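See structure below.
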Amino acid sequence: MNQFPKGFLWGGASAASQYEGAFDLDGKGLSTADVVPRYTSEQRQKYAHPFEVSKTDALRNMNDFTSNYPKRRGSDFYHRYREDIKLMADMGFKAFRFSIAWTRIFPNGDDERPNEAGLQFYDRVIDECLKYNIEPVITLSHYETPLHLALKYNGWSDRRLIAFFTRFAETVITRFKGKVKYWITFNEINGISMTPYTGGGSFIPAGRDALQVGYQAAHHQFLASAHVKELVEEIDPQAKVGCMMAKMVVYPETNDPADILEAQKQNDLNNFFADVQVKGKYPTFMQHYFSAHHVTIKMEPGDKEYLMAHTCDFISISYYMSYTVSATAKADNVGGNLRTAIRNPHLEQSEWGWEIDPQGLIWGLRDLYDRYEKPIFIVENGLGAKDTLTDMHEIHDQYRIDYLRAHIKAMATAIAEGVEVIGYTAWSAVDLVSMSGSDMSKRYGFVYVDVDDFGNGSYNRYPKDSFYWYKKVIASNGEEL
Ligand code: BGP
1 MNQFPKGFLW GGASAASQYE GAFDLDGKGL STADVVPRYT SEQRQKYAHP
51 FEVSKTDALR NMNDFTSNYP KRRGSDFYHR YREDIKLMAD MGFKAFRFSI
101 AWTRIFPNGD DERPNEAGLQ FYDRVIDECL KYNIEPVITL SHYETPLHLA
151 LKYNGWSDRR LIAFFTRFAE TVITRFKGKV KYWITFNEIN GISMTPYTGG
201 GSFIPAGRDA LQVGYQAAHH QFLASAHVKE LVEEIDPQAK VGCMMAKMVV
251 YPETNDPADI LEAQKQNDLN NFFADVQVKG KYPTFMQHYF SAHHVTIKME
301 PGDKEYLMAH TCDFISISYY MSYTVSATAK ADNVGGNLRT AIRNPHLEQS
351 EWGWEIDPQG LIWGLRDLYD RYEKPIFIVE NGLGAKDTLT DMHEIHDQYR
401 IDYLRAHIKA MATAIAEGVE VIGYTAWSAV DLVSMSGSDM SKRYGFVYVD
451 VDDFGNGSYN RYPKDSFYWY KKVIASNGEE L
């Protein structure tokens, strides 16, 4: 029997830049995600991280209205939020995780006044959720930064971003006071050391190291998270603030102690991000890592005390797969959903080579709970797959059901052992644009959206087989899998 606590937050997740579309409507400014095109497979091979763009590309792409930018269209949630939230309610969702696009509220990021039309959109979305007793779980920054801040300040590598972000956060926390109980600060914050553009709108200037840029940006995001915590305490003390990490479960390739040490190091490097936001301080091992990698974090007096004074209430995570490293073929800091070269022969892979490992989730949950003793919210977990729409408008996604079932069972095992898990929002509620591929072919939703990689299609919504399965899971509070 799978036992889930009463009031467990079952639901699904999304992100503004992959879901909303309407990238330039009602006063919205451009974000870093809006200038990321869909890459061809050759281009994908050429770039180490296909979802990063250079400053030159960003400047060119911002004025390009003819090429294919799927994130600009998303799944048109902007116009179809009523229909989508109704579908979520039909599944019995208790929670819906989405992000607020900073550029709808402050189009340039450093504007003095908020854009009322942007706030009104989220008024409508939140009220629609509450109408069905769906708890809105809001991410303040999900893989996008106002493009203006990227171009003018080099994104989060500049300390001034903290004040701009705090103004944005204060605006929305005040506006949605009493309606939102769960705020998440930065999506997969641990990705930033590998992908400073996606995570923080920072380009890597020539001659600079990604690690230096990324970790400095992370320091600023840590402080910004602490500001959010302080604001929520003042404005809406009932609400809770969570940090968010891609939970990396890293295995050694063999039982050679050197491999085991390398895996431990990689796990520590990832947990570092929660160490700062939950324990409130930089762990000692990071000082050593920074000096070995010539990274210098510029801090100001009072930063350390501020971080210690405003730590998170809960930890939220994404979990898709596990990773394998060895002392010889190591991936230096496996951040974000990036793969190492070593294959785990015990695991099957998704069509995208992501190694499917439900037991790894048990390992990850135990590890986090042991280290932090804070409630854990799984806010992303799911299978990216190519779905086929039949002539009858059905989608037989048994593979997705199998994946989700196995991970939900794993979560139940961890809960039975005493890990406090407060909710599970699968990625994704409705199909949306893939973050890394910037295309529609890699689908995650319980609801199919009829649109292809080029924006052709009706955008009609069709429940998949997994929709009906998940409805039963929720209705039985996880007993019927
Ligand atoms: C996470 C991101 C999401 C998301 C998901 C799946 O890293 O937080 O935004 O998209 O992974 O990744 P992808 O879309 O690249 O398959």
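Residue numbers (full-length UniProt numbering): 1 to 481.
Note that the Cβ used here is the ideal one computed from N, Cα and C, for glycine as well.
Keep in mind that this is a model prediction, so the values were computed, not measured.
Subject >> Opposing strand residues paired with Q349 [DSSP bridges] >> reply: On the sequence shown, residue 349 is found 349 positions in, with the first residue counted as 1. Note: Q349 sits in a beta bridge opposite E355.
Original post:
Do the CB positions of W156 and P196 come within less than 9 Å of each other?
Top reply: As a first step, residue 156 must be located in the sequence shown, where it is residue number 156. As a first step, residue 196 must be located in the sequence shown, where it is residue number 196. The answer is yes: Cβ separation under 9 Å.
**OP:** Could you have a look at L9 and say whether DSSP puts it in helix, strand or coil?
**Re:** Residue numbering aside, residue 9 sits at position 9 when the sequence shown is read from its first letter. Strand, per DSSP.
Original post:
CB E380 to CB T413, shorter than 9 Å?
Top reply: Working through the sequence shown from its first residue, we reach residue 380 at position 380. Working through the sequence shown from its first residue, we reach residue 413 at position 413. Contact: no.
Subject >> Neighbourhood of Y19 by C-beta, 8 Å cutoff - its chain only, sequence neighbours within 5 removed >> reply: Your numbering for residue 19 matches position 19 in the sequence shown. G74, S75, F77, F98, S428, V430, L432, V433.
Original post:
How many angstroms separate the CA atom of A89 from the CA atom of Q212?
Top reply: The count along the sequence shown starts at 1 and reaches residue 89 at position 89. The count along the sequence shown starts at 1 and reaches residue 212 at position 212. The straight-line gap separating the alpha-carbon atoms of A89 and Q212 is approximately 44 Å.
**OP:** Less than 8 Å between the CB atoms is what I'm expecting for G11 and F121, so what's the real figure, rounded?
**Re:** The sequence position of residue 11 within the sequence shown is 11, counting from 1. The sequence position of residue 121 within the sequence shown is 121, counting from 1. About 20 Å; that fails the 8 Å criterion.
Original post:
Roughly how many angstroms lie between the CA atoms of Y462 and F168, to the nearest whole one?
Top reply: Along the sequence shown, read from residue 1 onward, the residue named residue 462 stands at position 462. Along the sequence shown, read from residue 1 onward, the residue named residue 168 stands at position 168. Approximately 35 Å between the Cα atoms of the pair.
**OP:** Would you kindly report the start and end of the unbroken beta strand (DSSP E) that includes R461?
**Re:** As a working mapping, residue 461 is identified with position 461 in the sequence shown. 461-463 is the span of the beta strand (DSSP E), which, as asked, contains R461.
Original post:
Given 8 Å as the limit, is there contact between the region 403-411 and the region 159-167, that is, 3 or more CB pairs closer than that?
Top reply: no
Subject >> Pairwise C-alpha distance: E394 and L481 >> reply: Here residue 481 refers to the residue found at position 481 when the sequence shown is read from its first residue. Here residue 394 refers to the residue found at position 394 when the sequence shown is read from its first residue. Taking the straight line joining both Cα atoms gives about 21 Å.
Original post:
Whose C-alpha, out of I134, T254, A210, A274, is nearest the C-alpha of L223?
Top reply: Locating residue 223 in the sequence shown gives position 223, where the first residue counts as 1. When only C-alpha atoms are compared, the closest one is A274.
Original post:
Since M244 is in the beta strand (DSSP E), which residue starts that stretch and which ends it?
Top reply: Along the sequence shown, one-based indexing puts residue 244 at 244. It spans 240-246 - the beta strand (DSSP E) in which M244 sits, taken as one unbroken run.
**OP:** Can you say whether M392 is buried or exposed, counting buried as having 16 or more other CB atoms within 10 angstroms of its CB?
**Re:** Indexing the sequence shown from 1 puts residue 392 at position 392. Result: exposed.
**OP:** Express the C-alpha separation of S54 and N267 in angstroms, rounding to a whole number.
**Re:** Walking along the sequence shown from the start, residue 267 turns up at place 267. Walking along the sequence shown from the start, residue 54 turns up at place 54. Going from the Cα of N267 to the Cα of S54 covers about 29 Å.
**OP:** Reducing DSSP to helix, strand and coil, say where G335 ends up.
**Re:** The residue labelled residue 335 in the question sits at position 335 within the sequence shown. For G335, the predicted model reports a pLDDT of 45, less than 50, meaning its position is unreliable; a value from the coordinates is still stated below. Three-state result, G335: coil.
Subject >> Nearest-angstrom Cα separation, counted from E355 out to R343 >> reply: Along the sequence shown, one-based indexing puts residue 343 at 343. Along the sequence shown, one-based indexing puts residue 355 at 355. So the two alpha carbons sit approximately 8 Å from each other.
Original post:
By how many angstroms is the C-alpha of I235 removed from the C-alpha of N333?
Top reply: Counting from one through the sequence shown, the residue named residue 333 turns up at place 333. Counting from one through the sequence shown, the residue named residue 235 turns up at place 235. Legend: pLDDT at N333 = 46, less than 50; position of this residue unreliable, value from coordinates given subsequently. So the two alpha carbons sit approximately 37 Å from each other.
**OP:** Would you mind sorting G418 into buried or exposed? The rule is 16 or more other CB atoms within 10 Å of its CB.
**Re:** Counted from its first residue, the sequence shown places residue 418 at position 418. G418 is exposed by the Cβ-count criterion.
Subject >> Nearest-angstrom Cα separation, counted from I173 out to P237 >> reply: In the sequence shown, counting from the first residue as 1, residue 237 sits at position 237. In the sequence shown, counting from the first residue as 1, residue 173 sits at position 173. Each residue's alpha carbon lies about 11 Å from the other.
Original post:
Alpha carbon to alpha carbon, how far is M91 from K374?
Top reply: The residue labelled residue 91 in the question sits at position 91 within the sequence shown. The residue labelled residue 374 in the question sits at position 374 within the sequence shown. Taking the straight line from one Cα to the other gives about 29 Å.
Original post:
Where in the region 114-175 do unbroken runs of the alpha helix (DSSP H), each at least 4 residues long, occur, reported from the N-terminal end onward?
Top reply: 116-131, 147-153, 160-175
Original post:
So, using beta-carbon positions, are I85 and V125 closer together than 9 Å?
Top reply: Taking the sequence shown and counting its residues from 1, one reaches residue 85 at position 85. Taking the sequence shown and counting its residues from 1, one reaches residue 125 at position 125. One thing to note: I85 has its Cβ within 9 Å of the Cβ of V125.
Original post:
Quick one, are the C-beta atoms of R72 and D34 less than 9 Å apart?
Top reply: Taking the sequence shown and counting its residues from 1, the one referred to as residue 72 is at position 72. Taking the sequence shown and counting its residues from 1, the one referred to as residue 34 is at position 34. Yes, the pair counts as a contact, with Cβ atoms nearer than the cut-off.
**OP:** Give the DSSP-derived three-state secondary structure of F377 in the structure shown.
**Re:** Numbered from 1 along the sequence shown, position 377 holds the residue referred to as residue 377. F377 falls in the strand class under three-state DSSP.
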